[in-house]
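Asker:
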Amino acid sequence: MFGERPTRAGALAALAAQARECRRCGLRDECRGVVFGEGDPDSLLLFLGEGPGAVEDELGRPFVGPAGQLLDKILSAVGFRRQEVYITNTVLCRPPGNRVPSPDEVAACRQWLDQRLDIMKPPLIVCLGASAAQNLLGAGFRITRDRGRWYAFGPSRVMPTFHPAALLRDPSKKRQVWEDMKSVRAEWERIRETGGNGDQPEN
Numbered sequence: 007m008f009g010e011r012p013t014r015a016g017a018l019a020a021l022a023a024q025a026r027e028c029r030r031c032g033l034r035d036e037c038r039g040v041v042f043g044e045g046d047p048d049s050l051l052l053f054l055g056e057g058p059g060a061v062e063d064e065l066g067r068p069f070v071g072p073a074g075q076l077l078d079k080i081l082s083a084v085g086f087r088r089q090e091v092y093i094t095n096t097v098l099c100r101p102p103g104n105r106v107p108s109p110d111e112v113a114a115c116r117q118w119l120d121q122r123l124d125i126m127k128p129p130l131i132v133c134l135g136a137s138a139a140q141n142l143l144g145a146g147f148r149i150t151r152d153r154g155r156w157y158a159f160g161p162s163r164v165m166p167t168f169h170p171a172a173l174l175r176d177p178s179k180k181r182q183v184w185e186d187m188k189s190v191r192a193e194w195e196r197i198r199e200t201g202g203n204g205d206q207p208e209n
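Using the working numbering, you'd call the opening residue of the sequence shown number 7 and step up by one each time.
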């Protein structure tokens, strides 16, 4: 209907179309295409990673390689289905050789992240790895020291934890991620019961 506000899904689809034309940094010339994000645009919970890997770049979907398969298992272990959360990355194009995105590349892609968050306004964000957490919480964030606690970011609460790729390299970190994800599940349940953000508990 004329004058009707766009749905989140529609707004994200329009934003994705714009992002596919982005040339703000050189990554777009080095990859197959933009990997925007997928999942439920109305979800209470958004997962934010670092950037697409080789499999993601080939298939055009986030977190579908080995780290993504582990993420699916983590989600299932705490009672989530991939379809009921939203999954995306800090940068939308694969850095060559799966290297860490440069500060300039992260800054160039920041407008797309900000617009996604503005459209979705997710009450809960899980940052997977140091790069994603530093993008929201500042360069001084250290994943080993600072993970496992809730942080405020605008209207959202942010839980940083280890990236699934780190668990593949060091399985001893799985216990810490399990504890972090139990906290995420508990907060998700609390928000569902209160029907919104409600009063945010202290860290």
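Glycine included, each C-beta is placed from N, C-alpha and C at the ideal position.
Because the structure is a prediction, the values reported are computed rather than measured.
#1: Could you pull the start and end residues of the alpha helix (DSSP H) that Gly74 belongs to?
#2: Rank Gly55, Glu193, Arg38 by C-alpha distance to the C-alpha of Asp63 and give the top, closest one.
#3: Applying the 10 Å Cβ sphere with the 16-neighbour rule, what's the burial state of Gly135?
#4: Does the Cβ-Cβ distance between Leu77 and Pro170 come in under 8 Å?
#5: In whole angstroms, give me the CA-to-CA distance for Pro12 and Ser178.
#6: Would you say Cys99 and Leu33 are within 8 Å of each other, going by their C-beta atoms?
#7: Classify Asn209 as buried or exposed, calling it buried when 16 or more other Cβ atoms lie within 10 Å of its own Cβ.
#8: Quick one: does Ala138 have its CB under 8 Å from some CB of chain D?
#9: Identify every residue that forms a DSSP beta bridge with Glu44.
#10: Below 7 Å CB to CB, which residues in the same chain sit around Val70 once its five sequence neighbours on both sides are set aside?
#11: Provide the residue(s) that pair with Pro166 in DSSP beta bridges, ordered along the chain.
#12: So, is Gln75 buried or exposed, given that buried needs 16 or more other C-beta atoms within 10 angstroms?
#13: How far does the beta strand (DSSP E) with Thr192 in it extend, from its first residue to its last?
#14: Within 10 angstroms of its Cβ, does Ser137 collect 16 or more other Cβ (buried), or is it exposed?
#15: How about Arg122 and Gly16: are their beta carbons less than 8 Å apart?
Answerer: Reading from the atomic positions:
#1: 72 to 83
#2: Arg38
#3: buried
#4: yes
#5: 45 Å
#6: yes
#7: Because Asn209 carries a pLDDT of 48, less than 50, the predicted location of this residue cannot be relied on, and the following value inherits that uncertainty. Exposed: under 16 other Cβ atoms inside 10 Å.
#8: Absence of chain D from the displayed structure is noted, only one protein chain being present.
#9: Ile93
#10: Val61, Glu62
#11: Cys133
#12: exposed
#13: In the sequence on display, residue 192 carries Ala and not Thr. Where Ala192 is concerned, there is no enclosing beta strand (DSSP E), although the alpha helix (DSSP H) it sits in stretches over 180 to 200.
#14: buried
#15: no
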